[in-house]
Amino acid sequence: MTTTDQPSASATPDPTARNAPNADDNKTHDQSHEADRHEADRREAKPDVVIGWVLAADVRDAGLLEVYEQTRQRLQALLREQFPDFAWRLEPLERRTFTTRGTLKPLDLLELGVEEKLHRRWDFALVVVPNELAPRKRIFAMGVPSSALEVAVLSSARMEHDAALSERLTALALHLLGHLFGLEHTGAGPMTPPDIEGLEPTPFSADQQSLVHNRLDDIADPRLEELHTRWNAPIFYWRSFWNDPKSIAKSVWNYGPWRIPLYLGRMTAAVIASLLVLLLTAETWEAGSNVATPDLVFGVTLSIIIATLFVFFGQHLDQVGRGRGWSEQLARSRIVILGTLLIGMVFLWVVLFVLLLLVSFALPTEVTTGWAGAVPGELPRLRYVSFMSSIGILAAALGGNLEEEDTIKAELFFDEET
Numbered sequence: 034m035t036t037t038d039q040p041s042a043s044a045t046p047d048p049t050a051r052n053a054p055n056a057d058d059n060k061t062h063d064q065s066h067e068a069d070r071h072e073a074d075r076r077e078a079k080p081d082v083v084i085g086w087v088l089a090a091d092v093r094d095a096g097l098l099e100v101y102e103q104t105r106q107r108l109q110a111l112l113r114e115q116f117p118d119f120a121w122r123l124e125p126l127e128r129r130t131f132t133t134r135g136t137l138k139p140l141d142l143l144e145l146g147v148e149e150k151l152h153r154r155w156d157f158a159l160v161v162v163p164n165e166l167a168p169r170k171r172i173f174a175m176g177v178p179s180s181a182l183e184v185a186v187l188s189s190a191r192m193e194h195d196a197a198l199s200e201r202l203t204a205l206a207l208h209l210l211g212h213l214f215g216l217e218h219t220g221a222g223p224m225t226p227p228d229i230e231g232l233e234p235t236p237f238s239a240d241q242q243s244l245v246h247n248r249l250d251d252i253a254d255p256r257l258e259e260l261h262t263r264w265n266a267p268i269f270y271w272r273s274f275w276n277d278p279k280s281i282a283k284s285v286w287n288y289g290p291w292r293i294p295l296y297l298g299r300m301t302a303a304v305i306a307s308l309l310v311l312l313l314t315a316e317t318w319e320a321g322s323n324v325a326t327p328d329l330v331f332g333v334t335l336s337i338i339i340a341t342l343f344v345f346f347g348q349h350l351d352q353v354g355r356g357r358g359w360s361e362q363l364a365r366s367r368i369v370i371l372g373t374l375l376i377g378m379v380f381l382w383v384v385l386f387v388l389l390l391l392v393s394f395a396l397p398t399e400v401t402t403g404w405a406g407a408v409p410g411e412l413p414r415l416r417y418v419s420f421m422s423s424i425g426i427l428a429a430a431l432g433g434n435l436e437e438e439d440t441i442k443a444e445l446f447f448d449e450e451t
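Using my numbering, read the sequence shown as starting at 34 and increasing by one per residue.
See the structure below:
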């Protein structure tokens, strides 16, 4: 290395000097290593899965509050143990909205849970209360999961308040979370239909863990609202659907949309009443039998879509999580609800088609042929039945709005009453 004590114009530089490290080189080298280390830490960081633990009742019993806290910690530990690839957090929140006396409607608790989930950007939410839950189809209910809303409600009211209460609540919470993860009932493990006397935490099977892992991988991806701040509704909802179409389709199917016509009695009654009148009028036979095929196909499709949207907006199902801005979670919930309702209307059309076809064979052929203005022996029965089924679907939409709003919401939101 050259020195600066005796500078000389004829001095030749040391060839090794260019390779000697200086302060700037060291600083750049350290910064590069620091950046590499941060990048490695980022890649090794576990994706967060955040579950809200919401106490919705005004509980003042210190012992019960301690049990709820033990349950939260125990559940968090079990999830971390069974799914170590994710960073689990169960965030406690006390809302104390409801009194501890009396029976509570699960729908009110689910709506409270989804509001908090969207506001605090949780992935899931569990709402816990000491009250009895008002059942719709069972004698009693300990919990109600809603995979459409990604929220579940659990109650400790029916459980013996002894040393094992926390374990029983943990087992029930695991079962409800399994539904939110998209799992179905099995003969063993947490997804066994709960027995109040034999509730105890058990691990998910290897197959269930694989399914849950896939579901959580999708959840861990950045949300659409985190990628951009400005969206238009069609593109945002399309992207929300396309991000996880299989999970959305599975959620829709798990709701059993074919059961909707059976459970909405007022809607079904309105359809039957209207069709019984129209079936015996010559004008409907004439109109339905002479509709062109392209017009008929278009009319069938349009009637199903109109009926679906009429019930969806008429029952304020679009108001779930209202006022929360762009939210992929909220968009997914609305897509699941709308998809369930749409497929339910398709099944209703098929049921009406089959029933009307059978009834049409019971009417005198000579009479119906004359009503339709058809050539004897060439009655366009299928064309007429398709036309009438479409009329019935539109009547169903009107009848659907005769139903109580809570009835339709419960049918669309509840996975089950546990």
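For each residue, glycine too, the CB sits at the ideal point set by N, CA and C. Note that the structure is a prediction, hence the values are computed from the model and not measured.
- Annotation for residue 368: 270, 273, 274 and 281 place their beta carbon closer than 8 Å to its own, counting only its chain and skipping 5 residues before and after.
- Cβ-Cβ distances below 6 Å link residue 441 to 348 in the same chain, with the five nearest sequence neighbours on each side left out; the list follows chain order.
- With contacts defined as CB atoms closer than 7 Å, residue 212 and residue 178 qualify as a contacting pair.
- Here the alpha carbon of residue 135 sits roughly 19 Å from the alpha carbon of residue 98.
- Listed in chain order, the non-local C-beta contacts of residue 214 below 6 Å within the same chain comprise 245 and 248, local neighbours out to five positions each way being set aside.
- Assigned with DSSP and collapsed to three states, residue 234 falls in coil, not helix or strand.
- When C-alpha distances from residue 101 are compared across 268, 201, 402 and 381, the shortest belongs to 201.
- Judged by pairs of C-beta atoms under 8 Å, the stretch 381–401 touches the stretch 306–320, as three or more such pairs exist.
- Its Cα nearest to that of residue 427, the residue 341 stands out among 140, 291, 265 and 341.
- The stretch 185–198 and the stretch 123–131 do not touch, with fewer than three beta-carbon pairs separated by less than 8 Å.
- Beta-bridge partners assigned by DSSP to residue 86: 125 and 159.
- Note that the stretch 282–291 does not touch the stretch 412–431; fewer than 3 beta-carbon pairs, one per stretch, sit closer than 8 Å.
- 7 Å or more divides the Cβ of residue 203 from the Cβ of residue 88.
- A Cβ-Cβ distance of about 11 Å is found for the pair residue 207 and residue 176, leaving them out of contact under the 8 Å criterion.
- Taking C-beta atoms as the reference points, residue 190 and residue 165 count as a pair closer than 7 Å.
- Buried is the label assigned to residue 163, since at least 16 other Cβ atoms lie within 10 Å of its Cβ.
- When the beta-carbon positions are compared, residue 223 and residue 235 come within less than 7 Å of each other.
- Residue pairing by DSSP puts residue 185 in a beta bridge opposite 159 and 178.
- Around the beta carbon of residue 401, 16 or more other beta carbons sit within 10 angstroms, so the residue counts as buried.
- DSSP lists 137 and 174 as the bridge partner or partners of residue 166.
- Judged by their CB atoms, residue 110 and residue 79 are not nearer to each other than the 7 Å cut-off.
- Between the beta-carbon of residue 313 and that of residue 373 there is about 34 Å, and that puts the pair past the 8 Å contact cut.
- Residues 386, 389, 390 and 393 of the same chain have their beta carbon placed closer than 7 Å to that of residue 418, with the five preceding and five following residues left out of the count.
- The residues 177, 178 and 212, in chain order, have a CB closer than 8 Å to that of residue 449 in the same chain once the five nearest residues on each side in sequence are set aside.
- Distance between residue 425 and residue 331, taken at the CA atoms: about 16 Å.
- Counting along the chain, residue 225 sits inside no alpha helix (DSSP H), nor does DSSP assign it H or E at all.
- Between residue 337 and residue 300, the C-beta spacing is not below 7 Å.
- Contact annotation: residue 364 and residue 169 have beta-carbon atoms that are not nearer than 7 Å.
- When the five nearest sequence neighbours on each side are left out, the beta carbons in the same chain lying within less than 6 Å of the beta carbon of residue 84 are those of 123 and 157, in order along the chain.
- A direct Cα-to-Cα measurement between residue 173 and residue 95 gives close to 26 Å.
- Note on residue 415: under 16 other CB atoms within 10 angstroms of its CB, so exposed under the neighbour-count rule.
- With a cutoff of 7 Å on beta-carbon distance, residue 167 and residue 138 are scored as near each other.
- For the 7 Å CB-CB criterion, residue 376 and residue 350 do not form a contact.
- A Cβ-Cβ distance of about 16 Å is found for the pair residue 161 and residue 140, leaving them out of contact under the 8 Å criterion.
- Residue 86 is positioned such that its CB atom lies closer than 7 Å to that of residue 159.
- When DSSP states are grouped into helix, strand and coil, residue 118 belongs to the coil group.
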